[in-house]
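Below is one structure, written out as structure tokens; the observations come after it.
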Amino acid sequence: MSTATSASTATAEHTARQGYDRDVRVAVLGVGMMGQDHARRLARLTKGAELVAVSDVDVARTDAVAAEFGVRAIHDPSLAITDGEVDALVIATPGFTHEDLVLTALRAGKPVLCEKPLTTSPESSRRVVEAEAALGRRLVQVGFMRRFDAGYLQLRELIASGEYGKPLFLHCAHRNATTPPNFSSEMLMLDSVVHEVDIVRFLTGEEITAIRVLAPRSTSSAPEGLLDPQFVVMETESGTIVDVEIFVNTTFGYEVRTELVAERGQVRIGLPEGAVSQSASGWGGRIPRDFKERFGAAYDLEFQRWVDAVRAGVNVDGPGVWDGYAAAAVCAAGVESLKTGDRVEIDLGARV
Ligand code: ISE
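All residue numbers for the sequence shown refer to the working numbering, where the first residue is 6 and numbers rise by one.
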């Protein structure tokens, strides 16, 4: 496969503001595990999208993924952003690269679906919020895929309907089988609990105002030094209390569940679903292996809605930069609490 690294900066033939009456040509930046999954989704499933390029600083990996999908390999992600044959970007590179890449895309006027986190600190996320505001149009969607999960959508509707009264507690469990190498104690908050932070804001329509993180005894299955599990308590503006058990080395499977306790009713989502079998070996069903399986349908819908929004010229149909910033601020407070043991309050400042 040729490894074209075209420096062409020709202006896209349609601007993002106008939308497209043809397929949107998308480049995926970062082709690790998640980027490859997204490349496959865009190439094989999402309607109205054409995967045209992949880009990663790992040259061999870029070339291999480009060959798999028969698309261009562009080794420098910033050149992929300004490339004249690329209309829109999916960013799935490591979090510390996001600020530069998203700001480059904003300067190029191209829509972006950026995997979480938007950036790795509240300060850098705020800079992105301000850059998009200065541009005067929305271009950046953040990849909080849980907002497209059927269970969470039902729960949100139920809360909004008021049928069960006001939410009092949200009890959340977030369990992974194992962690990748170099997963740190802070990453339980920044990489995993960040999803709860976003979904709580989505479910309640409120900001999170305070957080406290407790680290109980660590499981012997966790790598040496990793504080796993952790227990997080968050407060929302109107006084709903949220607790999260985050446990990322359970050894056997992937579980994400939430229980709402409201004034006149309770609802649970994320319970095991699908076939339940009975045989000589026992009774039971399957537990998903990982988040790609558990949230596969949510990712599919997220991508379809994003591509539809880009084609329609509105560019964002889901969480945006403010949501990315709010999540970064709550998670930074969570990391502080993990270090000090204190309850930490969160002040997002004026909404931009
Ligand atoms: C991973 O990065 C994700 O985004 C998953 O949804 C989450 O469950 C996992 O803990 C993270 O490491």
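Virtual Cβ for every residue (Gly too), placed ideally from N, Cα, C.
What residue does the alpha helix (DSSP H) around residue i start on, and which one ends it?
{"i": "residue 41", "result": "38-49"}
{"i": "residue 339", "result": "326-345"}
{"i": "residue 158", "result": "155-166"}
{"i": "residue 309", "result": "301-316"}
{"i": "residue 110", "result": "103-113"}
{"i": "residue 136", "result": "127-140"}
{"i": "residue 71", "result": "64-74"}
{"i": "residue 202", "result": "199-209"}
{"i": "residue 216", "result": "Note, residue 216: premise wrong, no alpha helix (DSSP H); beta strand (DSSP E) at 213-219."}
{"i": "residue 274", "result": "It is not in any alpha helix (DSSP H) - residue 274 instead sits in the beta strand (DSSP E) that spans 270-274."}
What do you reckon, is the C-beta of residue i under 7 angstroms from a heavy atom of the ligand ISE?
{"i": "residue 200", "result": "yes"}
{"i": "residue 361", "result": "Limits of the chain in this structure are 6 at one end and 357 at the other, which puts residue 361 out of reach."}
{"i": "residue 205", "result": "no"}
{"i": "residue 154", "result": "no"}
{"i": "residue 196", "result": "yes"}
{"i": "residue 253", "result": "yes"}
{"i": "residue 308", "result": "no"}
{"i": "residue 149", "result": "no"}
{"i": "residue 257", "result": "no"}
{"i": "residue 236", "result": "no"}
{"i": "residue 101", "result": "no"}
{"i": "residue 74", "result": "no"}
{"i": "residue 296", "result": "yes"}
Report buried or exposed for residue i, applying the criterion of at least 16 other Cβ atoms within 10 angstroms of its Cβ.
{"i": "residue 323", "result": "buried"}
{"i": "residue 13", "result": "For residue 13, the predicted structure reports a pLDDT of 41, less than 50, and the residue's modelled location is therefore unreliable. The matter cannot be settled from this model."}
{"i": "residue 17", "result": "Interpretation of residue 17 is limited by its pLDDT of 44, a score under 50 that renders its predicted location unreliable; no figure is taken from the coordinates."}
{"i": "residue 15", "result": "In this predicted model, residue 15 has a pLDDT of only 40, less than 50, meaning its place in the structure is not dependable enough to derive any value."}
{"i": "residue 8", "result": "Note on residue 8: pLDDT 38, under 50, position unreliable in the model; the coordinate value appears next. Flag for residue 8 reads exposed."}
{"i": "residue 187", "result": "exposed"}
{"i": "residue 153", "result": "buried"}
{"i": "residue 130", "result": "buried"}
{"i": "residue 159", "result": "exposed"}
{"i": "residue 244", "result": "exposed"}
{"i": "residue 225", "result": "exposed"}
{"i": "residue 276", "result": "exposed"}
{"i": "residue 91", "result": "buried"}
{"i": "residue 5", "result": "Nothing about residue 5 can be read from this structure; the chain reaches only from 6 to 357."}
{"i": "residue 235", "result": "buried"}
{"i": "residue 77", "result": "buried"}
{"i": "residue 128", "result": "exposed"}
{"i": "residue 113", "result": "buried"}
{"i": "residue 356", "result": "exposed"}
{"i": "residue 279", "result": "exposed"}
{"i": "residue 197", "result": "buried"}
Under 8 angstroms between the Cβ atoms of residue i and residue j?
{"i": "residue 301", "j": "residue 147", "result": "no"}
{"i": "residue 87", "j": "residue 182", "result": "no"}
{"i": "residue 216", "j": "residue 342", "result": "yes"}
{"i": "residue 134", "j": "residue 288", "result": "no"}
{"i": "residue 33", "j": "residue 40", "result": "yes"}
{"i": "residue 59", "j": "residue 174", "result": "no"}
{"i": "residue 309", "j": "residue 52", "result": "yes"}
{"i": "residue 213", "j": "residue 206", "result": "yes"}
{"i": "residue 56", "j": "residue 44", "result": "yes"}
{"i": "residue 195", "j": "residue 340", "result": "yes"}
{"i": "residue 31", "j": "residue 325", "result": "no"}
{"i": "residue 35", "j": "residue 79", "result": "no"}
{"i": "residue 299", "j": "residue 261", "result": "yes"}
{"i": "residue 253", "j": "residue 193", "result": "yes"}
{"i": "residue 246", "j": "residue 237", "result": "no"}
{"i": "residue 46", "j": "residue 295", "result": "no"}
{"i": "residue 268", "j": "residue 176", "result": "no"}
{"i": "residue 118", "j": "residue 311", "result": "yes"}
{"i": "residue 172", "j": "residue 209", "result": "yes"}
{"i": "residue 297", "j": "residue 61", "result": "no"}
{"i": "residue 24", "j": "residue 291", "result": "no"}
{"i": "residue 200", "j": "residue 151", "result": "yes"}
Where do the N-terminal and C-terminal ends of the beta strand (DSSP E) with residue i fall, by residue?
{"i": "residue 263", "result": "260-267"}
{"i": "residue 235", "result": "235-241"}
{"i": "residue 172", "result": "172-180"}
{"i": "residue 246", "result": "246-252"}
{"i": "residue 29", "result": "29-34"}
{"i": "residue 280", "result": "Taken as a continuous stretch (DSSP letters only), residue 280 belongs to no beta strand (DSSP E), as it is neither H nor E."}
{"i": "residue 147", "result": "145-148"}
{"i": "residue 96", "result": "93-96"}
Taking only beta-carbon positions, decide if residue i is within less than 8 angstroms of chain D.
{"i": "residue 44", "result": "Within the model displayed, chain D is absent; a lone protein chain is all it includes."}
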